[in-house]
Amino acid sequence: MPDPQDVISREIAELAAKSDGADHPARDYPPYRSSGLRHPHRPLVAPPEAYAELRGPVFGATDVTPLDADLTRQHPGEPLGERITVTGRVVDRDGRPVRHQLVEVWQANASGRYPHQRDQHPAPLDPNFTGTGRCLTDADGVYAFTTIKPGAYPWKNHVNAWRPAHIHFSVFGTAFAQRLVTQMYFPGDPLFAYDPILQSVTDEKARARLVAAYDHDLSQPEWSLGYRWDIVLDGPSATWMEEGR
Amino acid sequence: MRPTPSQTVGPFYGYALPFRDGGDLVPPGHPGAISVHGHVYDGAGDPVPDALLEFWQADAEGRPGSMRRDEVDGSFAGRDGVTLTGFGRVATGLDGHWAIRTVRPAAVPYISVCLFARGLLHHLYTRVYLEDSGDALLESLPADRRSTLVARPERDGVYRFDVRIQGDAETVFLDLG
Ligand SMILES: [Fe+2]
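Residue numbers (the numbering used here), protein chains in the order written: chain A, 1 to 245; chain B, 246 to 422.
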């Protein structure tokens with residue numbers, strides 16, 4: 001039997017009270033039920049050398065097409081929903097831009113539905129929206145996407161479980177060890193407190209770094225609303241390639 | 246600067262991240278090509294059908310990755326059919342199985358692996374060694390743990406490497422700082 005929300009919320013509160021201020025979620029986070037059998041019990045091992053992991057794949061012009069960054073232009077018609085742009089900078093922990101590297105996104109449509117067989121949420125699919133995009137960062141580390149605001153959707157973690165609206169992001173740094181897959185949220189979403197995936201980041205300040213800012217200067221008259229979200233990659237950066245980037 | 250926190254890849258990356266020929270770091274028939282394959286298992290020993298694995302082999306130059314797009318319709322065109330790109334990405338099937346085609350790593354004796362899955366809030370790194378090479382990481386591990394990083398030769402050019410996320414035979418996962 002799945003638990004009710006108040007059981008999940010109590011567990012979330014208990015773990016928040018014990019937060020060690022970590023930047024990343026613990027892989028063992030019981031309120032997210034699927035994490036139970038999918039986290040290692042043993043501590044991670046620091047390898048004596050990390051030659052390969054300090055380097056990483058470099059993506060380029062053949063890996064994206066110019067249309068890939070506009071998720072509203074992949075079908076003959078306009079998708080339903082609120083048109084938005086999302087932009088920001090990808091930097092390493094020293095604030096250096098991650099240049100000309102691949103950023104991938106995927107998201108639900110405006111109704112909260114993914115075009116994935118395993119998504120059985122009875123909300124409409126949108127024939128004009130697939131919800132995947134990719135782009136390369138520019139020389140300043142800037143990425144930009146045009147899309148529609150995704151809807152919230154239900155999932156089966158517990159009874160009446162709903163994910164706040166989010167866009168999935170996959171980002172490459174200059175080193176394989178900087179790899180990041182995460183989710184961007186929208187400011188002021190009333191579902192934040194109930195969601196064990198967002199709350200798995202138990203430190204409030206760290207959690208705030210997953211929430212984009214509405215930026216009125218990015219909004220375009222009669223066209224779209226603008227959001228800004230910067231990404232800071234963790235892990236050792238591959239300084240050996242800096243000159244070439 | 247404080248890093249952006251990780252979040253799970255979730256269940257629905259399947260139409261976004263995998264790409265055609267994503268497991269072919271080299272094309273079929275490439276000289277010296279080998280296959281590496283295995284299953285991903287959870288703490289109950291059940292296969293993980295919604296994991297995504299990325300593979301990376303560095304050499305002295307640092308090779309480009311590749312997930313080439315078709316310029317006409319924007320679909321994935323796959324690899325260029327000629328070169329080693331050093332980068333692979335494959336999703337597990339319903340039976341938790343994955344497979345890649347590559348060549349033996351050159352600069353170092355291992356292939357780097359990054360594992361994502363629904364239920365995994367922060368990805369995990371590990372390595373595939375094709376034999377117990379006496380490399381510094383292997384030397385630092387007790388024998389039972391060490392063996393989790395070494396692929397088993399099945400037949401000529403085919404190696405088996407299972408990933409166990411949790412449990413008695415748990416794979417060694419790496420802290421890369
Ligand atoms: Fe999602």
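Note that beta-carbon positions come from the ideal geometry of N, C-alpha and C, so glycine has one too.
Source: prediction; values computed, not measured.
Exercise for review: Excluding the 5 residues preceding and the 5 following residue 243(A) in the sequence, name in chain order all residues of the same chain whose CB lies nearer than 7 Å to its CB.
Suggested key: Reliability of the predicted coordinates at residue 243(A) is poor, the pLDDT of 39 falling under 50, and the value obtained from them is presented with this limitation in mind. Around residue 243(A): no qualifying Cβ.
Point to revise | Alpha carbon of residue 417(B) to alpha carbon of residue 166(A), nearest angstrom | key: Taking the straight line from one Cα to the other gives about 32 Å.
Check your understanding: Is DSSP giving residue 51(A) helix, strand or coil here?
Key -> In the three-state DSSP reduction, residue 51(A) falls in the coil class, being neither helix nor strand.
Review point. CB-CB under 6 Å to residue 29(A), same chain, minus the five flanking residues each way: which ones, in chain order?
Key: Within the same chain, and ignoring the five residues on either side of residue 29(A) in sequence, the residues whose Cβ sits closer than 6 Å to its Cβ are 35, 200.
**Study point:** Contact with chain A by residue 309(B), beta-carbon distance below 7 Å
**Key:** Yes, residue 309(B) counts as interfacial toward chain A.
Review point. Along the chain, where does the alpha helix (DSSP H) that runs through residue 9(A) open and close?
Key: Run containing residue 9(A): 5-17, per the alpha helix (DSSP H) assignment.
Check your understanding: Given that residue 255(B) touches chain A, what residues does it touch there, using C-beta distances under 7 Å?
Key -> Under the 7 Å cutoff, chain A gives 168.
Review point. According to DSSP, is residue 196(A) helix, strand or coil?
Key: Helix at residue 196(A).
Check your understanding: If you draw a straight line from the C-alpha of residue 254(B) to the C-alpha of residue 157(A), how long is it?
Key -> Rounded to whole angstroms, the separation of the alpha carbons of residue 157(A) and residue 254(B) is 15 Å.
Review point. Residue 252(B) and residue 183(A) look like a contact to me (Cβ under 8 Å); what is the Cβ gap, rounded to whole Å?
Key: Yes, they are in contact, since the Cβ atoms of residue 252(B) and residue 183(A) sit about 4 Å apart, within 8 Å.
Exercise for review: With a cut-off of 8 Å on the beta carbons, I'd call residue 145(A) and residue 131(A) a contact; round off their distance for me.
Suggested key: About 11 Å separates the Cβ atoms of residue 145(A) and residue 131(A), ruling out a contact at the 8 Å cut-off.
Review point. When the cut-off is 7 Å and only beta carbons count, does residue 387(B) lie next to chain A?
Key: False, the Cβ-Cβ gap to chain A never drops below 7 Å.
Exercise for review: Could you spell out the range, first to last residue, of the alpha helix (DSSP H) harbouring residue 204(A)?
Suggested key: 204-208 is the extent of the alpha helix (DSSP H) around residue 204(A).
Practice item. Assign residue 61(A) to buried or exposed, taking buried as 16 or more other Cβ atoms, counted over all protein chains shown, within 10 Å of its Cβ. Key: Here residue 61(A) is exposed. Its C-beta has fewer than 16 other C-beta atoms within 10 Å.
Exercise for review: With 7 Å as the threshold, decide whether the Cβ of residue 129(A) is near any Cβ in chain B.
Suggested key: It does not; no Cβ of chain B falls within 7 Å.
Point to revise | Residues near residue 91(A) in its chain [Cβ-Cβ closer than 6 Å; skip 5 each side] | key: Closer than 6 Å at Cβ, skipping near neighbours: 97, 141, 232.
Check your understanding: Taking the continuous alpha helix (DSSP H) assigned at residue 399(B), which residues delimit it?
Key -> Not the alpha helix (DSSP H): residue 399(B) falls in the beta strand (DSSP E), residues 397-400.
Check your understanding: Any heavy atom of ligand 1 within a distance shorter than 6 Å of the CB on residue 131(A)?
Key -> Not so, every heavy atom of ligand 1 lies at least 6 Å from the Cβ.
**Study point:** Helix, strand or coil at residue 330(B) according to DSSP, with G and I counted as helix
**Key:** Looking at residue 330(B) - three-state DSSP - the assignment turns out to be coil, as it is neither helix nor strand.
Check your understanding: For the candidate residues 285(B), 277(B), 367(B), whose alpha-carbon lies nearest to that of residue 335(B)?
Key -> Nearest of 285(B), 277(B), 367(B) to residue 335(B), Cα basis: 285(B).
Point to revise | Under the three-state DSSP convention, the category residue 370(B) falls into | key: Looking at residue 370(B) - three-state DSSP - the assignment turns out to be strand.
Practice item. Kindly examine ligand 1 and report whether one of its heavy atoms sits closer than 6 Å to the Cβ of residue 259(B). Key: Relative to ligand 1, residue 259(B) has its C-beta separated by 6 Å or more from all heavy atoms.
Exercise for review: Can you check DSSP and say which residues form a bridge with residue 233(A)?
Suggested key: Paired residues: 92(A).
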